[in-house]
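J.: Chains as they are written, first to last, in my numbering: chain F, 1 to 151; chain D, 152 to 454; chain E, 455 to 562.
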Amino acid sequence: MTFNRRQLFLLSAGVALAGAGGLTAAPARAEASATDKRISDFAGGKEPGTGKITLAAPEIAENGNTVPISVKVDSKMDGDDMVDSVMIVADGNPNPEVATFHFTAMSGAAEATTRMRLAKTQNVIAVAKMADGSVYMDKKEVKVTIGGCGG
Amino acid sequence: MGRRRFFASGADASSGGTNVNKKLLLLAAAAVSTIGLARLVQAEPTTDTLEIDGKQMITRAPAPEGYPFKEVLSGWLFREAETRATEADSFSNPGMLAVERGEEIWNTVEGTMGKSCASCHNDASETMKDVGAHYPKWDADAKRPINVELQIDKCRTENMGAEAYKFDSDDQKALTTYIKYQSLGTPVKIDLSQGDMQSWWDKGKTEYYTRTGQLNLSCASCHEVNMDKMIRADHLSQGQVNGFPTYRFNTGGMVSLHNRIRGCIRDTRAEMPKAFSDELMALEVYVTWRGTGLSVETPSVRQ
Amino acid sequence: MATPKPRVKLPKKAKAGETIVIKTLISHEMESGQRKDKEGKVIPREIINKFTCEFNGKPVFACDMEPAISANPYFEFNAKVSESGKFKFTWVDDNGSVYTDEAAIEVS
Numbered sequence: 001m002t003f004n005r006r007q008l009f010l011l012s013a014g015v016a017l018a019g020a021g022g023l024t025a026a027p028a029r030a031e032a033s034a035t036d037k038r039i040s041d042f043a044g045g046k047e048p049g050t051g052k053i054t055l056a057a058p059e060i061a062e063n064g065n066t067v068p069i070s071v072k073v074d075s076k077m078d079g080d081d082m083v084d085s086v087m088i089v090a091d092g093n094p095n096p097e098v099a100t101f102h103f104t105a106m107s108g109a110a111e112a113t114t115r116m117r118l119a120k121t122q123n124v125i126a127v128a129k130m131a132d133g134s135v136y137m138d139k140k141e142v143k144v145t146i147g148g149c150g151g
Numbered sequence: 152m153g154r155r156r157f158f159a160s161g162a163d164a165s166s167g168g169t170n171v172n173k174k175l176l177l178l179a180a181a182a183v184s185t186i187g188l189a190r191l192v193q194a195e196p197t198t199d200t201l202e203i204d205g206k207q208m209i210t211r212a213p214a215p216e217g218y219p220f221k222e223v224l225s226g227w228l229f230r231e232a233e234t235r236a237t238e239a240d241s242f243s244n245p246g247m248l249a250v251e252r253g254e255e256i257w258n259t260v261e262g263t264m265g266k267s268c269a270s271c272h273n274d275a276s277e278t279m280k281d282v283g284a285h286y287p288k289w290d291a292d293a294k295r296p297i298n299v300e301l302q303i304d305k306c307r308t309e310n311m312g313a314e315a316y317k318f319d320s321d322d323q324k325a326l327t328t329y330i331k332y333q334s335l336g337t338p339v340k341i342d343l344s345q346g347d348m349q350s351w352w353d354k355g356k357t358e359y360y361t362r363t364g365q366l367n368l369s370c371a372s373c374h375e376v377n378m379d380k381m382i383r384a385d386h387l388s389q390g391q392v393n394g395f396p397t398y399r400f401n402t403g404g405m406v407s408l409h410n411r412i413r414g415c416i417r418d419t420r421a422e423m424p425k426a427f428s429d430e431l432m433a434l435e436v437y438v439t440w441r442g443t444g445l446s447v448e449t450p451s452v453r454q
Numbered sequence: 455m456a457t458p459k460p461r462v463k464l465p466k467k468a469k470a471g472e473t474i475v476i477k478t479l480i481s482h483e484m485e486s487g488q489r490k491d492k493e494g495k496v497i498p499r500e501i502i503n504k505f506t507c508e509f510n511g512k513p514v515f516a517c518d519m520e521p522a523i524s525a526n527p528y529f530e531f532n533a534k535v536s537e538s539g540k541f542k543f544t545w546v547d548d549n550g551s552v553y554t555d556e557a558a559i560e561v562s
């Protein structure tokens, strides 16, 4: 079987990324527009503002399989000041959706932490939808590295 | 720089032949240039300390006699902050799920003799306390070193009428993790004066420094000569084994020691010795000794 | 894969009106549906797709989960307690199984 240079590059890229938790079977990835559409759908067409929501993610992920992230929305979670939900998307994954957190008055605070998979270096975006319909977002770029020797 | 070294080593890229050879040469070149790059970037292990459930872990120990480094360092020190934090929090450490599963197995009757581990060994937190820190030991019956996995198999076949575990079965990994966990914090120390342990140590040491595989690498190539340097984005540790079985983010599950060593050898493009073979048992004896004084961290968390 | 085991961590006691931190973990491979086996066939997706937390029957927090959530899903979130009672946690598997765990809390 012969490979041209481009095929060999993709092959080795695929092999390298295969260690990253099996999210990539092929070089396909969520187009920026697919992510934008998800955000737009979630936001009910509104343009998300900045502020109020903070997304924490490592600058460099030691392994793309398990990347800790957390979100925090500045809200009293009381009366009119309530967070309805927070959606997390990743614009370079095969599918952009990661998770949607649903909060209630009993949450006490609109904060959540979890661990996610990142197929490659990309942006992780958190979008908060408030009870009054207003929408905010935060974005962080996470570098996903390739180790020297996977084992 | 990588390419120049490749040609200087005598490998001839124009040797044509089949495209399979070309692919191998490409990989070899990548490996050589990778090792070459490793010389450029030196990182530093963290100065953080590790405390798990109020217990202080020894992650830096004084070097034993004849040691290649000034200090014995745990692999924990070489990992990124998030990875280290995951190990430090015994609740969020996914390896603890294996400990829980191991405890279940400990209390489950298996085999023709109607016994569980608990039938003879009662409460593992008492009877297995500090035990894992002193393996591998000398097995006078088999006249070779025995590790925790093989000790479990020995108990199962001889005392329980149960079958030995298939290598790397989930149950083997969980039970080994559970038993090693009873030594969490205890400094690793093996007894080389038992039986022929010393000659197995010698054999393991020779193996450690012997280059193998198409990439012609020895354990020392990465874990001694290039320790503390970056191999692509991985921070090379001393290759200690005090944390095995370990929870690896890479696989999203528990990884046993022999699995990891076989993986390293596979990555040098060499034929992998069988798990628990003489070759790997000798290596386990030697590499465990290299971690003398470090706390058992099982289940450790690594990338 | 062995039966997924959940574990939860939260304080045993709290003051009325206090917001506590709850941590949950469950063993599950979260097979993403992106991987292929040795023969090149896609390994079918099988993940936990929903996590919920209730207190005395009322919803506190929930998460809709996608394959991008790591194996052995971990969550840390908050709950504001005003009375003693029981937390109930559920994890819903693609295959229809539901795993649950409970924890009581004393609120003074």
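Ideal Cβ placement from N, Cα and C applies to all residues, glycine included.
(1) In the segment 83-107 of chain F, which residues sit with their C-beta less than 9 angstroms from some C-beta in chain D, listed in chain order?
(2) Check the Cβ of Asn65 (chain F) against every Cβ in chain E and list those closer than 8 angstroms, keeping chain order.
(3) If we require 3 or more residues per run, which beta strand (DSSP E) segments fall completely within the segment 207-247 of chain D?
(4) Distance, Cα to Cα, Glu493 (chain E) vs Gly487 (chain E)?
(5) Report the rounded CA-to-CA distance for Met137 (chain F) versus Glu233 (chain D), giving the unit in angstroms.
(6) With contact counted as at least three CB pairs below 8 angstroms, one residue from each stretch, are the segment 114-134 of chain F and the segment 538-558 of chain E in contact?
(7) With C-beta atoms as the reference, is Ala459 (chain D) less than 8 angstroms away from Thr337 (chain D)?
(8) Between Ser241 (chain D) and chain F, is any beta-carbon pair separated by less than 8 angstroms?
(9) Kindly list the residues whose CB is nearer than 6 angstroms to the CB of Gly133 (chain F), restricted to its own chain and excluding five residues on each side of it in sequence; keep chain order.
(10) Using a Cβ-based criterion (distance less than 7 angstroms to any ligand heavy atom), does Glu309 (chain D) qualify as near the ligand NAP?
(11) Considering only the alpha carbon of each residue, which of D:Ile203, D:Ala315, D:Phe242 and D:Glu231 lies closest to Lys143 (chain F)?
(12) Could you please give the first and the last residue of the uninterrupted beta strand (DSSP E) stretch that includes Ser320 (chain D)?
(13) From Glu448 (chain D) to Ser551 (chain E), what distance separates their C-alpha atoms?
(14) Throw me the rounded Cβ distance for the Ala131 (chain F) and Ile53 (chain F) pair, which I believe falls under 8 angstroms.
(15) Please give the ranges of any beta strand (DSSP E) in the segment 258-331 of chain D, keeping only runs that are unbroken, at least 3 residues long and fully inside the region.
(16) Closer than 9 angstroms, Cβ to Cβ, to anything on chain E: give me those residues from the segment 113-132 of chain F, in chain order.
(17) Going along the segment 457-491 of chain E in order, which residues come within less than 7 angstroms of chain F, judged by CB to CB distance?
(18) Please check if any C-beta of chain F sits within less than 8 angstroms of the C-beta of Ala516 (chain E).
(19) How would you label Gly79 (chain F), buried or exposed, when you count the other beta carbons within 10 angstroms and need 16 or more for buried?
(20) Report the residues of the segment 382-397 of chain D with a CB closer than 8 angstroms to any CB of chain F, ordered along the chain.
(21) Starting from Leu55 (chain F), follow the beta strand (DSSP E) in both directions and report where the run begins and ends.
(22) Would you tell me roughly how many angstroms separate the C-alpha atoms of Asp84 (chain F) and Thr104 (chain F), rounded to the nearest one?
(23) Would you decide whether Lys380 (chain D) is buried or exposed? Buried here means 16 or more other CB atoms lie within 10 Å of its CB.
(24) Is the Cβ-Cβ distance between Gln345 (chain D) and Met279 (chain D) less than 8 angstroms?
(25) Listed from N- to C-terminal order along the chain, which residues in the segment 296-322 of chain D have their beta-carbon within a distance smaller than 8 angstroms of any beta-carbon of chain F?
(26) Counting C-beta neighbours from all protein chains within 10 Å, is the total for Lys206 (chain D) 16 or more, i.e. buried, or is it exposed?
(27) Hey, Tyr316 (chain D) and Val250 (chain D) are a contact pair by Cβ (cut 8 angstroms); roughly how many whole angstroms apart?
(28) Check Gly205 (chain D) in the structure and name its three-state DSSP category.
(29) Considering Cα atoms alone, identify which of D:Val452, D:Gly444 and D:Leu368 is closest to Ala421 (chain D).
(30) Which residue's Cα is closest to the Cα of Ala236 (chain D): F:Val73, F:Arg115, F:Gly45 and F:Ala90?
(31) So Glu251 (chain D) contacts chain E; which residues on that side make the cut at Cβ distance below 9 angstroms?
(32) Can you tell me whether Cys373 (chain D) is helix, strand or coil according to DSSP?
(33) Would you mind reading off the limits of the alpha helix (DSSP H) that contains Asn503 (chain E)?
(34) Under the three-state reduction of DSSP, which class applies to Asp36 (chain F): helix, strand or coil?
(35) Does Gly147 (chain F) come within less than 8 angstroms of chain D when only Cβ atoms are used?
(36) So which of D:Leu366, D:Val260, D:Glu277 and D:Thr363 has the shortest CA-CA distance to Leu335 (chain D)?
T.: By the coordinates alone:
(1) Taking 9 angstroms as the upper bound on Cβ-Cβ separation, chain D lies near no residue of the segment 83-107 of chain F.
(2) Counting from 1 along the first sequence, the entry for residue 65 (chain F) is found at position 65. Taking a Cβ-Cβ cut-off of 8 angstroms, the neighbours of Asn65 (chain F) in chain E comprise Ser524 and Ala525, given in sequence order.
(3) Counting only runs of 3 or more residues that sit fully inside the segment 207-247 of chain D, the beta strand (DSSP E) segments are 211-213 and 222-224, in chain order.
(4) Residue numbering aside, residue 493 (chain E) sits at position 39 when the third sequence is read from its first letter. Residue numbering aside, residue 487 (chain E) sits at position 33 when the third sequence is read from its first letter. Answer to the nearest angstrom: the Cα atoms are 15 angstroms apart.
(5) What you label residue 137 (chain F) is simply residue 137 of the first sequence in a count that begins at 1. What you label residue 233 (chain D) is simply residue 82 of the second sequence in a count that begins at 1. Approximately 24 angstroms between the Cα atoms of the pair.
(6) No contact exists between the segment 114-134 of chain F and the segment 538-558 of chain E.
(7) No statement about residue 459 (chain D) is possible, as the shown extent of chain D runs from 152 to 454 and does not include it.
(8) Your numbering for residue 241 (chain D) matches position 90 in the second sequence. For Ser241 (chain D), the answer is no, since every Cβ of chain F falls outside 8 angstroms of its Cβ.
(9) Numbered from its first residue, the first sequence carries residue 133 (chain F) at position 133. For Gly133 (chain F), where only same-chain residues beyond five positions count, there are no Cβ hits under 6 angstroms.
(10) Here there are no bound small molecules, and the ligand NAP is not part of this structure.
(11) On the first sequence, position 143 is the one that residue 143 (chain F) refers to. For Lys143 (chain F), the nearest C-alpha among the options comes from D:Glu231.
(12) As a first step, residue 320 (chain D) is located in the second sequence; it is residue number 169 there, counting from the start. Counting along the chain, Ser320 (chain D) falls outside any beta strand (DSSP E), and DSSP gives it neither H nor E.
(13) Here residue 448 (chain D) is taken as the residue at index 297 of the second sequence, counted from 1. Here residue 551 (chain E) is taken as the residue at index 97 of the third sequence, counted from 1. Glu448 (chain D) and Ser551 (chain E) have their C-alpha atoms some 34 angstroms from each other.
(14) Sequence index remark: in the first sequence, residue 131 (chain F) carries index 131 (1-based). Sequence index remark: in the first sequence, residue 53 (chain F) carries index 53 (1-based). Cβ atoms of Ala131 (chain F) and Ile53 (chain F) stay farther apart than 8 angstroms, at about 14 angstroms.
(15) Listed in chain order, the complete beta strand (DSSP E) runs (minimum 3 residues) inside the segment 258-331 of chain D are 288-290 and 295-297.
(16) Those residues of the segment 113-132 of chain F placed with their C-beta closer than 9 angstroms to a C-beta in chain E are Thr113, Thr114, Arg115, Met116, Arg117, Leu118 and Ala119, ordered along the chain.
(17) For the segment 457-491 of chain E, residues whose beta-carbon sits nearer than 7 angstroms to a beta-carbon of chain F comprise Thr473, Ser486, Gln488, Arg489 and Lys490.
(18) Here residue 516 (chain E) is taken as the residue at index 62 of the third sequence, counted from 1. Under the 8 angstroms criterion on CB atoms, Ala516 (chain E) is classed as interfacial with respect to chain F.
(19) One-based indexing of the first sequence puts residue 79 (chain F) at position 79. Its Cβ having fewer than 16 others within 10 Å, Gly79 (chain F) is exposed.
(20) Within the segment 382-397 of chain D, the residues whose Cβ lies closer than 8 angstroms to some Cβ of chain F are Ile382, Arg383, Ala384, Asp385 and Leu387, listed in chain order.
(21) For this step, residue 55 (chain F) is matched to residue 55 along the first sequence. Counting along the chain, Leu55 (chain F) sits inside the beta strand (DSSP E) bounded by residues Ile53 to Ala56.
(22) For this step, residue 84 (chain F) is matched to residue 84 along the first sequence. For this step, residue 104 (chain F) is matched to residue 104 along the first sequence. Between the alpha carbons of Asp84 (chain F) and Thr104 (chain F) lies a gap of roughly 7 angstroms.
(23) Here residue 380 (chain D) refers to the residue found at position 229 of the second sequence. Buried, since its Cβ has 16 or more Cβ neighbours within 10 Å.
(24) If you number the second sequence from 1, residue 345 (chain D) lands on position 194. If you number the second sequence from 1, residue 279 (chain D) lands on position 128. Going by C-beta atoms, Gln345 (chain D) is not nearer than 8 angstroms to Met279 (chain D).
(25) Result list empty, no residue passes.
(26) Position 55 of the second sequence holds residue 206 (chain D). Its Cβ having fewer than 16 others within 10 Å, Lys206 (chain D) is exposed.
(27) Working through the second sequence from its first residue, we reach residue 316 (chain D) at position 165. Working through the second sequence from its first residue, we reach residue 250 (chain D) at position 99. Wrong, their Cβ atoms sit about 17 angstroms apart, outside the cutoff.
(28) Counting from 1 along the second sequence, the entry for residue 205 (chain D) is found at position 54. In this structure, DSSP gives Gly205 (chain D) a state outside helix and strand, which the three-state scheme calls coil.
(29) Looking up residue 421 (chain D) in the second sequence gives position 270. Of the listed residues, the one whose Cα sits closest to Ala421 (chain D) is D:Leu368.
(30) Numbered from its first residue, the second sequence carries residue 236 (chain D) at position 85. Ranked by Cα distance from Ala236 (chain D), the options F:Val73, F:Arg115, F:Gly45 and F:Ala90 are led by F:Arg115.
(31) Within the second sequence, numbered from 1, the residue matching residue 251 (chain D) stands at position 100. Against Glu251 (chain D), the close residues of chain E are Lys459, Arg461 and Ser481, in the order they occur along the chain (beta-carbon pairs closer than 9 angstroms).
(32) Sequence index remark: in the second sequence, residue 373 (chain D) carries index 222 (1-based). Cys373 (chain D) falls in the helix class under three-state DSSP.
(33) Here residue 503 (chain E) corresponds to residue number 49 of the third sequence, with the count starting at 1. For Asn503 (chain E), no alpha helix (DSSP H) run applies; the uninterrupted beta strand (DSSP E) run containing it begins and ends at Ile502 to Phe509, by DSSP.
(34) Position 36 of the first sequence, counted from the start, is the residue given in the question as residue 36 (chain F). Note: Asp36 (chain F) maps to helix in three-state DSSP.
(35) By one-based count along the first sequence, residue 147 (chain F) stands at place 147. Chain D, which has a Cβ nearer than 8 angstroms to the Cβ of Gly147 (chain F), makes this yes.
(36) Working through the second sequence from its first residue, we reach residue 335 (chain D) at position 184. Checking every option, the nearest Cα to that of Leu335 (chain D) belongs to D:Glu277.
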